Amino acid sequence: MYGEDISGAGLITGIGQVCGRSVMIIVNDATVKGGTYYPLTVKKHLRAQEIAFENRLPCIYLVDSGGANLPHQDEVFPDKDHFGRIFYNQANMSALGIPQIACVMGSCTAGGAYVPAMSDESIIVRNQGTIFLAGPPLVKAAIGEVISAEELGGGDTHSRKSGVADHLAENDEHALAIVRDIVATLPANRNANINLQPIRPPLHSPEEIYGVLPPDLRTPFDVREIIARLVDGSQFHEFKSLYGATLVCGFAHIWGIPVAILANNGVLYSESAQKGAHFIELACQRRIPLLFLQNISGFMVGGKYEAEGIAK
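Everything in the sequence shown is counted per the numbering used here, starting at 95 for the first residue and increasing by one.
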């Protein structure tokens, strides 16, 4: 059926249960032609997305792909049922509240880079996952820049600088654990009420908050210490922890009720504001109430930051 020795079209798809939630899982098999997309790979991917759309299943993409298979480019790109439709479907499903989650476990080049970039949340594995539109050889050929794959599009680059990746994992096992944590924050379905959990006291006494806060609130302190004394079990699933560090965002429970926390941790920069806007979109999509912990004097000022568009 597949021809050219492309077992399973280089793509593994199926429906499974993650944290009690039915999900569509789409996995690039990098052992088959580097996970590149043949015409039949595209067809299989689109069919999985169609099933996810019809049944409102969150999509989990385990990405390790070199993009389109170059000898078959003319068969992959031309019409509406080809490669670009994958990203169109991602955008539409996200807009309709069907979560799109990507886990970058290998090299994602060219077309392979768009899947994590267009997902609602993405994870990348340190020293293993990469995301770039053009790899180091093409960059050198095009503009003469010599750069390693990790510097160009590795985990630290995208989780600390670009913000393309939301979570940095140490290895595959850690990455999959983060995926499970993300799915655990999703509602059972679009019409479900808020998912309540058994009430648990914080592991750190709330009475210690006054010891954490400095006498002069202009003195910097780590707002995570406040959160640890506020939320159930002191469990806080932080979002984009390495990016826009002056705004701390994440999901937790208080008295068994899920909350999406946005906490100031210094003055706001452009990256912090972008991170906050992204996080609020996720919370609205998941119908989780917002909790703001505010202690801020405003946005960062100065010529450098105005030139970077901080007002917008």
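Glycine is no exception: its CB is placed at the ideal position from the N, C-alpha and C atoms. Keep in mind that this is a model prediction, so the values were computed, not measured.
A185 sits in a helix when the DSSP states are folded into three classes. Assigned with DSSP and collapsed to three states, Y155 falls in strand. Taken through DSSP and simplified to helix, strand or coil, Y337 comes out as coil. Under the 8 Å Cβ criterion, the stretch 355-362 counts as touching the stretch 386-400, having at least three qualifying pairs. Look at Q388 here: in three-state DSSP terms it is coil, with no helix or strand label. The Cβ atoms of M118 and I109 sit closer than 8 Å to each other. Its chain contains I225, F226 and L227 as the residues whose beta carbon lies nearer than 7 Å to that of A207, once the 5 sequence neighbours on both sides are disregarded; these appear in chain order. By the criterion of a C-beta distance shorter than 8 Å, L232 is surrounded by no residue of its chain, once the five residues flanking it on both sides are discounted. Residue range S364 to Q379 is occupied by the alpha helix (DSSP H) that includes Q379. For I272, there is no enclosing beta strand (DSSP E); the enclosing alpha helix (DSSP H) covers residues D266 to A278. The Cβ atoms of R380 and P230 lie no closer than 8 Å to each other. Exposed is the label assigned to K398, since fewer than 16 other Cβ atoms lie within 10 Å of its Cβ.
For L311, there is no enclosing alpha helix (DSSP H), as DSSP gives it neither H nor E.
Straight across, the Cα-Cα distance linking E245 with I218 is about 14 Å.
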